[in-house]
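Trainee:
Residue numbers (the working numbering): 8 to 174.
Shown next, in the form of structure tokens:
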């Protein structure tokens, strides 16, 4: 039996999602929460996808931790709590292209992207839905600039440090 959860990294607490599924099986929920918190302790402040695989006959379990969603990585990188409810009207943050490259590099192996440039475009797409500007421009405009090669140098050199003049 596999139970999929989205937990607060390093800070999971007992809740209905886990209790309703594992309680009837006689599983020790405290042990499971402890193992999940230990496995996600390096991801504090992020929502982290986790799978708990339970062997019903022996009541043994295994925890698999996956990379946080792009939206969570962006929110942490930019220091915001949530995206814009009205992304066409309200922008919640301004990211540098270097910050976008950093998030893309973090998620590269989990994205359906052939290379870093495609991963950067995928992250830019998430910025559109969260209401995040990039380089003081709408993310859709930056997406076109990426297609035109404007940021090829930063992407190819994998620059992830934002220069002082942009801060």
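Beta carbons are placed, not taken as given, at the ideal position from N, Cα and C, and that holds for glycine.
Less than 8 Å between the beta carbons of residue 102 and residue 153, yes or no?
Mentor: Numbered from 1 along the chain shown, position 95 holds the residue referred to as residue 102. Numbered from 1 along the chain shown, position 146 holds the residue referred to as residue 153. No; because the gap between Cβ atoms is not below 8 Å, this pair is not in contact.
Trainee: Quick check for students: name the residue ranges of the beta strand (DSSP E) that lie wholly in the stretch 131 to 157, counting only runs of 3 or more.
Mentor: Counting only runs of 3 or more, we get 139 to 141.
Trainee: Going along the chain, which residues of its own chain have a beta-carbon closer than 7 Å to the beta-carbon of residue 42, five neighbours each way excluded?
Mentor: For the purposes of this step, residue 42 is taken as residue 35 along the chain shown, with counting starting at 1. Here the set comprises 70.
Trainee: Determine the closest residue to residue 44 out of 22, 16, 118, with distance taken between C-alpha atoms.
Mentor: By 1-based counting over the chain shown, the position of residue 44 is 37. Ranking the options by Cα distance to residue 44, first place goes to 16.
Trainee: Does the Cβ-Cβ distance between residue 51 and residue 75 come in under 8 Å?
Mentor: Taking the first residue of the chain shown as position 1, residue 51 is located at position 44. Taking the first residue of the chain shown as position 1, residue 75 is located at position 68. Their beta carbons are not under 8 Å apart, which means residue 51 does not touch residue 75 by this criterion.
Trainee: Classify residue 34: buried if its beta carbon has 16 or more other beta carbons within 10 angstroms, exposed otherwise.
Mentor: Taking the chain shown and counting its residues from 1, the one referred to as residue 34 is at position 27. Buried: at least 16 other Cβ atoms inside 10 Å.
Trainee: Within 10 angstroms of its Cβ, does residue 73 collect 16 or more other Cβ (buried), or is it exposed?
Mentor: If you number the chain shown from 1, residue 73 lands on position 66. By the neighbour-count rule (16 or more Cβ atoms within 10 Å), residue 73 is not buried but exposed.
Trainee: If contacts are defined as beta-carbon pairs under 8 Å, then residue 25 and residue 61 qualify, I think. What distance do you get, rounded to the angstrom?
Mentor: Locating residue 25 in the chain shown gives position 18, where the first residue counts as 1. Locating residue 61 in the chain shown gives position 54, where the first residue counts as 1. Not quite, the Cβ-Cβ distance comes to about 11 Å (not below 8 Å), so this is no contact.
Trainee: Is residue 147 buried or exposed, if buried means 16 or more other CB atoms sit within 10 Å of its CB?
Mentor: Here residue 147 corresponds to residue number 140 of the chain shown, with the count starting at 1. Exposed, because fewer than 16 other Cβ atoms sit within 10 Å of the Cβ of residue 147.
Trainee: Quick one: is residue 133 buried, meaning 16 or more other Cβ sit within 10 Å of its Cβ, or exposed?
Mentor: Walking along the chain shown from the start, residue 133 turns up at place 126. So residue 133 ends up on the buried side.
Trainee: Beta-carbon within less than 8 Å of residue 49's beta-carbon, same chain only, minus the 5 sequence neighbours each way: which residues are those?
Mentor: Counting from one through the chain shown, the residue named residue 49 turns up at place 42. Result list for residue 49: 16, 17, in chain order.
Trainee: Among 156, 11, 46, whose alpha-carbon lies nearest the alpha-carbon of residue 59?
Mentor: Counted from its first residue, the chain shown places residue 59 at position 52. Of the candidates 156, 11, 46, the one whose C-alpha sits nearest the C-alpha of residue 59 is 11.
Trainee: Can you give me the start and stop residues for the beta strand (DSSP E) that residue 69 sits inside?
Mentor: To locate residue 69, count along the chain shown from 1; it is residue 62. First-last of the beta strand (DSSP E) with residue 69: 67 to 72.
Trainee: Pick helix, strand or coil for residue 56, following the three-state DSSP scheme.
Mentor: The residue you call residue 56 lines up with position 49 of the chain shown. Note: residue 56 maps to strand in three-state DSSP.
Trainee: Bridge partners of residue 15, per DSSP?
Mentor: Residue 15 sits at position 8 when you count from the first residue of the chain shown. For residue 15, which the question treats as bridged, DSSP gives the partners 54.
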